[in-house]
Every structure is written in C-alpha cells, then in structure tokens.
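*Asks:*
Number of protein chains: 2
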Amino acid sequence: MRYQLYYWTGIQGRGEFVRLALEDAGADYVDVAREQGDDAIMPFLRGEKPGARPFAPPFLKAGRLVIAQTAEILSWLGPRHALVPNSEAARLYAHQLELTISDLVVEAHDTHHPIAGGLYYEDQRPAAKQRAEDFRTQRMPKFLGYFEQVLDKAGGRHALGRHSYVDLSLFQVMSGLGYAFPKAMKRMRKKLPLLTSLAERVAERPRIAAYLASPRRIPFNEMGIFRHYPELDA
Amino acid sequence: MRYQLYYWTGIQGRGEFVRLALEDAGADYVDVAREQGDDAIMPFLRGEKPGARPFAPPFLKAGRLVIAQTAEILSWLGPRHALVPNSEAARLYAHQLELTISDLVVEAHDTHHPIAGGLYYEDQRPAAKQRAEDFRTQRMPKFLGYFEQVLDKAGGRHALGRHSYVDLSLFQVMSGLGYAFPKAMKRMRKKLPLLTSLAERVAERPRIAAYLASPRRIPFNEMGIFRHYPELDA
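Those protein sequence lines, which keep their order, are chains A and B.
Position one of the first sequence corresponds to residue 1 (UniProt numbering), numbered consecutively onward.
Position one of the second sequence corresponds to residue 1 (UniProt numbering), numbered consecutively onward.
1. Please compile the residues from chain A whose C-beta is within a distance smaller than 8 angstroms of the C-beta of Ala127 (chain B).
2. Please name the residue, chosen from A:Ala180, A:Arg207, A:Ile208, A:Glu204, that lies closest to Asn221 (chain A) on a Cα-to-Cα basis.
3. Tell me which residues of the segment 73–87 of chain B have at least one Cβ-Cβ distance to chain A shorter than 8 angstroms, keeping chain order.
4. Is it the case that the segment 200–213 of chain A contacts the segment 19–31 of chain B, given that we only count it when at least three CB pairs across the two stretches are under 8 angstroms?
5. Name the chain A residues whose beta carbon is nearer than 7 angstroms to that of Tyr93 (chain B)?
6. Please classify Tyr93 (chain A) as buried or exposed, where buried requires at least 16 neighbouring CB atoms within 10 angstroms.
7. Does the segment 117–130 of chain A come into contact with the segment 183–191 of chain A, if we say contact requires no fewer than three beta-carbon pairs (one atom in each stretch) closer than 8 angstroms?
8. Considering only C-alpha positions, which residue in the set A:Arg207, A:Thr111, A:His158, A:Arg14 is nearest to Gln138 (chain A)?
9. Mind listing the chain B neighbours of Ala134 (chain A)? Cutoff is C-beta to C-beta under 9 angstroms, in chain order.
10. Between B:Phe55, B:Gly63, B:Asp123, B:Ile101, which lies nearest to Leu74 (chain B) when the distance is taken from Cα to Cα?
11. Report yes or no: do three or more beta-carbon pairs, one from the segment 219–233 of chain A and one from the segment 3–17 of chain B, lie closer than 8 angstroms?
12. Pairs of beta-carbons, one from the segment 62–74 of chain B and one from the segment 161–178 of chain A, closer than 8 angstroms: are there three or more?
13. Counting only beta-carbon separations shorter than 9 angstroms, does Pro5 (chain B) have a partner in chain A?
14. Tyr3 (chain B) lies in the beta strand (DSSP E); which residues open and close that run?
15. Suppose the cutoff is 6 angstroms on Cβ atoms and the five residues either side in sequence are ignored; what does the same chain contact list for Leu99 (chain B) look like?
16. How would you list, in chain order, the residues of chain B whose beta-carbon sits under 8 angstroms from the beta-carbon of Lys153 (chain A)?
17. How would you call Ser175 (chain A), buried or exposed, if buried means at least 16 neighbouring beta carbons within 10 angstroms?
18. Rounded to whole angstroms, what is the Cα-Cα separation between Ala127 (chain A) and Ile115 (chain A)?
19. So Val15 (chain B) and Pro57 (chain B) are in contact, right, with Cβ under 8 angstroms, and what is the actual spacing, rounded?
20. Going by the CB atoms, is the gap between Ala234 (chain A) and Leu198 (chain A) shorter than 9 angstroms?
21. Just grab the DSSP bridge partners of Ala68 (chain A) for me.
22. Since Phe135 (chain B) contacts Glu107 (chain B) with CB under 8 angstroms, what's their CB separation in whole angstroms?
23. Tell me the rounded alpha-carbon separation between Pro50 (chain B) and Gly47 (chain A).
24. Pick out the complete beta strand (DSSP E) segments inside the segment 152–222 of chain A, 3 residues or longer, and give them in chain order.
25. Taking only beta-carbon atoms, is Tyr29 (chain A) less than 9 angstroms away from chain B?
26. Name the chain B residues whose beta carbon is nearer than 8 angstroms to that of Val150 (chain A)?
Below you can see the structure in the form of structure tokens.
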C-alpha cells in the first residue's frame, strides 16, 4: 500500500516523527503537501473528505483509513512494519513512551510560544525567556532523565529492548533539542550516555542515514517546533 | 478483574477522565491513592515496580499490566467495557478524538501556568492573563467548534454515533471549562448546542448521575487543571 502523509511543508514539525518511521521501514509513501502544496491538507481539516476528520496534521491516509495524531499514527504503523515488539504489554508501553515524547514536544514548542501560537515569537520574548529557563533546568532534565532510565532498564541499547519507532522518535528529540538548545544539551549529554549513543546509532541506520542526507530531510529552522534562539539557551 | 487506578488525591485532574469511564461502565476499581495516600504512586514513578514505568499519573494497573497516559488507558478500557464501537476505523477515530481532548486539556492548564508548572499561579499572573485571553478567544472556540462539528457529522447525539468514552470526556471538558470560564462559556454555549446537550445527557446517565452525587466526585478546585480565577475569564 502507498501511504499518503499530510503535513505542512517547510518544517520538520510533528510530521518528522512519522517520516522517520516510514523511511526506516522503507515504506512506500507520498509526502502529499510537498508535491501539491499545503492546500491539499485543507479539505480534510474542513471535514470535506470521508473518514475521520483530523483536528490538525500530521495525518496519514492508508487506503480508506484517515489516521491523525502523531503517536496514534506510529502506534498503527508499528506492528505493520516490525517497528514494535509483538506483545500487548510492549505495544502499550511503546505507545505510552511515544505519548510522553508528544508531551515533551509540546513543552519544547511552548518555550518560544508560551503565550499564543498565533503571535510571533518576538511578541512574547520575555515570557519565552522565563519558560525556556524552566524548560532547560526542570522539564528537559526530568523528561530526558526518564528516557535515560527507560533505556537503562531495557538493557541500554533500545527503549523496548529491540529497535522500535520509539528509538526513532528519541533520535528526533535528541536532534531537535540539540539544535534548539546546543549549550544546555552539551552539558546534559554527559548525564545521558545511553540516549546520546542511541541517537548516534539511529543516525547510522542505513535507511535513516540515506534519508538524513537526502533533500527529503528538511533542515531545522525557526518555523518549526525546535527553534534556535540563542537567548533561550543561556 | 479489579482495576487499580493511581492518581493524585485532592483533584479531578486527568484521573477524572478515567474515573468517568470506570464509573459509567460499572467497573470494579480501587482509587488507590485515595485509600493509601499519594505515597502509593511513587514506587511506580521511581521504576521500582515491574512492568511499564509511567512518567506521571494517571496509570491503571490491570492484572500485571501497567497502563499510563489518560488517552491510552481509555483506548484500552473502551473495547473491554463497550465504551467504543467495534470497527478499527471507529476505534482509531475515538482515540484520535481523545488525544485531541488531551491537547485541549494541556492548553486549559497552561492558561494559569504559562511559564512553569513548578511556580505558583500568583508568580505568573500577567502571562496567565495574556494566555487565557488567547485561549478564550482563539483556542477554545477552535477546539470546541471542532467537536461540535464532529457531533454534527455523527448525527448530533454522540461523537461516534453511539455512546463512547469520548462522550464522557467531552462532558468533563464542558464541565471543566464551565467551571473555569463561566462567562466565556455562557456566551459560547449558544454556538455549541450539540456539545451542550451531550453534556446534559451524560450527566443524567444513571451511573454518572450517581457518581456525580457521591463523595467520589471531588469538587473542582484551584489545584487542578480547570481553575476558576475570575481575572482569567474577562
């Protein structure tokens, strides 16, 4: 089956977590808006298409199914592409870890948009500085420390004891935070040897390495979730 | 099976979405921390218990399974208690709607804590006022308008065309927002006839009505997600 991924053009954003899974699986997919423009997304958001109506991208069209919410898409793709272990307990755990990554992603986004997503960063700078400081010193260590312990408990190399979509998402988190907060992450990586090593190994997986070197990987920029504003990385 | 629900005492919080499903299903469950204190939660968060390690409550112990993340707990309970339709498409849609409710809940929480969850509301009041205004005028209408259209598309009475855990969660959202933002919600309910009627019908379901009248239903207060600060409801 050829999947159709719908996500805003120009940013990695939440779509990137899905792209990494599709690329790692060698799945057949079209990144629809990058071929047809963002307008292709709108009929789904307006409820003009059959099937589930998404609140926001990313969503994946798989035959007649429309699947939205990043973590749900990954939970659906996982068993179909050997990106999650077979047992119910492991699948539930994988999804829980992915939902926790989603929570971290919201908080990473809100460091530059603590007041309103519809306002420019420049219009919420003082609040952003405060929120980013709390994120760097409290929330980021709490989330990353948790995932480091998850890795440790599972033998050190994989969140679920073997390769899974959760590892791919943890790579994206480490990459994104490293882009947004290079100083904070430089200090923090010393306390996160397992996450650091996992991110390096994921980047070397043949299909992921090929993807990262291709034009399909959009560079990080100041329109996405992970943005580098030096004043937020004191 | 007797479920064990773990959630902080003293607030409805995210645990309430799970409680409503358990109560509506007439499921056998213990609200562990309300019997044993919040300390009962800690060994799970510290990774001292077997099974999946939760990042935060609520989590549900069902036999040997430990299931965390509100939407995942509901997705797991749904088919076991006839709280979701049978088809794969409907279950995926239900989970997506619940995850969208989770997104709304984060934003409702951040109206009073836009800078840091670890600081008091009083220490982030100016930012809270700005964020609450954006929430009331932009985000709340967008989310609730979406769910009103979801109801409309499904025939008007239920999010999924029949009773489900999503309806229970929409009741909780309407109740919580009505408590936190009574003025804004009074105006908004006129544009949300289907959501308003759904919330009333859910409250009249015999088991839900009995639950709401019982001491098991913790009153809304200024420690939970939905807090009433009049200055945030201009």
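For every residue, glycine included, the Cβ atom is placed at its ideal position computed from N, Cα and C.
*Replies:* Based on what the coordinates show:
1. Pro114, Ile115, Ala127, Gln130
2. When only C-alpha atoms are compared, the closest one is A:Ala180.
3. Trp76
4. no
5. Ala52
6. buried
7. no
8. A:Thr111
9. The residue you asked about is not Ala; residue 134 (chain A) is Asp in the sequence shown. Neighbours of Asp134 (chain A) on chain B, chain order: Ile115, Ala116, Gly117, Gly118, Leu119.
10. B:Ile101
11. Three or more beta-carbon pairs separated by less than 8 angstroms are not found between the segment 219–233 of chain A and the segment 3–17 of chain B, which leaves the two stretches without contact.
12. no
13. According to the sequence shown, residue 5 (chain B) is Leu rather than Pro. Not closer than 9 angstroms to any Cβ of chain A, the Cβ of Leu5 (chain B) fails to qualify, so no.
14. 3–6
15. In its chain, beyond the 5 residues on either side, Ala71 have a beta carbon closer than 6 angstroms to the beta carbon of Leu99 (chain B).
16. Gly47, Arg53
17. Answer is buried; the Cβ neighbour count reaches 16.
18. 7 angstroms
19. Note that residue 15 (chain B) is Gly in the sequence shown, not Val. The pair is a contact, with the Cβ atoms about 7 angstroms apart (cut-off 8 angstroms).
20. Taking 9 angstroms as the Cβ cut-off, Leu198 (chain A) and Ala234 (chain A) do not qualify as a contacting pair.
21. Answer by DSSP bridge pairing, in chain order: A:Phe59.
22. 6 angstroms
23. 44 angstroms
24. none
25. no
26. Arg53
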